[in-house]
Amino acid sequence: MLLMFFTPLAAIIFLPISSIPLLFGLFILSGLGMAGIGMGVMHDAIHGSYSKNKTINKIMGYTINLIGANDKVWRLQHNVLHHSFTNIEDHDDDINAPFFLRFSPHAPKNKLHKFQHLYAWFFYGLSTISWVTSKDFISYRKYYKMGLVKDRKTYINGVLKIVAWKALYYSYALVLPLIFTSFAPWIVILAFLAMHFVTGLTISLIFQTAHVSPEAAFPLPDEHGNMESERLAHQLETTCNFGSKSPVLSWFVGGLTHQIEHHLFPYISHIHYRKISPIVKQTAEEFGLPYHSSGSFLTAVIKHFKMLRDLGRMELQPIQSNS
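First residue of the sequence shown? That's 7 in our numbering, and the numbers climb one at a time after it.
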């Protein structure tokens, strides 16, 4: 995946490319590599499941910084919040969407949402552009105010590191292609945006179809702030598998076709998910717990489309007080 990301960029910078379609093709190929790094390399590494060696996990976790995002922000958003509060409104940042999208029946509804099943895909494509520009700064400040960042000194150091990594990313992903190619700047910028559109759409579909689906539950805490189901049952209720019989898809997305197994055992390498999935399914059935699985990725995308449509029509379901 690292080669798929860096090799096309190196070709753009060092080879005398004169074809606009080839330029776009290389950027898009790099975008697929970027998505692959996000799903198949850094994701496992930051969970501590890429290797038994903590140092290797730390090094490979830095690959998220090489694609313009930030390892510390991802760890807080994904490992701490998403995995601890899956599909819980106001706690899971993966379903805390901007005003024009609605991913939970407990989120406020507006008139735009009835069309979201039509336009959401476009904004999915823009998601990583937001990510590599403003999102990490906004999220990191939010997590600092939530008390998830140790102190102000740690926060400031974190911000400086985010700036440094992003400057490095933009230097080889955009600035060097602008300098060393013969194309007009607007063409290179469009190709760069096309790269991110492919990355954003790919990553969004993989993560959103796993949780924003008709089968997935969106549970709420009771008046004391407690959840009805214990952790493992909660993950089974809120998570869906898809395309689990496709080895190629599973390889490309870092085993995230088996989202259930990942949420149950996030510290196990994704190469083991397929082997343990029959055991997980059988055990869930024995205890009367759900095991949501779509036959194919396309089926999962269609279900996600229908869920977006339904959420656009569904009235607000008030959040219970946890005070």
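Just so it is clear, CB atoms sit at the ideal spot from N, CA and C, and this is done for glycine as well.
Check, Outcome
"Under the three-state reduction of DSSP, which class applies to phenylalanine 248: helix, strand or coil?", "strand"
"Using 10 angstroms around the beta-carbon of arginine 108, count the other beta-carbons present and answer buried if the total reaches 16, otherwise exposed.", "buried"
"For aspartate 316, count the other beta carbons within 10 Å of its own beta carbon; 16 or more makes it buried, fewer makes it exposed. Which is it?", "exposed"
"According to DSSP, what are the bridge partners of histidine 298?", "Cys246"
"At 4 residues or longer, and completely inside the stretch 25-59: list those alpha helix (DSSP H) runs for me, N to C.", "26-46 and 48-53"
"Start and end of the alpha helix (DSSP H) containing tyrosine 125?", "122-136"
"Can you tell me where the alpha helix (DSSP H) with isoleucine 212 in it begins and where it stops?", "191-214"
"Can you tell me which of the three DSSP states glycine 74 falls into?", "coil"
"Nearest-angstrom Cα distance between proline 22 and leucine 35?", "18 Å"
"Taking the beta carbon of glutamate 210 as the centre, do at least 16 other beta carbons fall within 10 Å, making it buried, or is it exposed?", "Residue identity check: residue 210 is serine in the sequence provided, not glutamate. Classification for serine 210: buried."
"Count the C-beta pairs between the stretch 186-198 and the stretch 214-231 that are closer than 8 Å, then say yes if the count reaches three, no if not.", "no"
"Give me the residue from Leu242, Glu95, Ser252 and Leu262 with the minimum Cα distance to phenylalanine 293.", "Leu242"
"Can you tell me whether phenylalanine 33 is buried or exposed, with buried defined as 16 or more other CB within 10 angstroms of its CB?", "buried"
"Can you tell which of Pro111, Gly67 and Ser25 has the C-alpha that lies nearest to the C-alpha of proline 225?", "Pro111"
"Quick check on the DSSP output: the alpha helix (DSSP H) that includes glycine 164 runs from which residue to which?", "158-176"
"So leucine 317 is in the alpha helix (DSSP H); what residue range does that whole segment cover?", "303-319"
"Select from Met48, Ile193 and Met152 the residue whose C-alpha is nearest the C-alpha of leucine 8.", "Met48"
"Whose C-alpha, out of Ala75, Ile65 and Ile52, is nearest the C-alpha of valine 86?", "Ile52"
"Helix or strand or just coil, what does DSSP make of serine 188?", "coil"
"Can you name, in chain order, every residue of its own chain whose Cβ lies under 8 Å from the Cβ of isoleucine 43, other than the five neighbours on each side?", "Met7, Leu8, Phe11, Thr69, Ile70, Leu72 and Ile73"
"Let me know if glutamine 288 comes out buried or exposed under the rule of 16 or more other beta-carbons within 10 Å of its beta-carbon.", "exposed"
"Please classify serine 329 as buried or exposed, where buried requires at least 16 other C-beta atoms within 10 Å of its C-beta.", "Only weak support exists for where serine 329 lies, its pLDDT of 36 falling under 50; the coordinates are left without a value."
"Given alanine 41, which residues of its chain have a CB within under 6 Å of its CB, disregarding the five upstream and five downstream residues?", "Thr205, Thr208 and Ile209"
"Just to confirm my understanding: we take aspartate 99, look at its own chain, exclude 5 residues before and 5 after, and list those with CB closer than 6 Å. What are they?", "Gln83 and Leu87"
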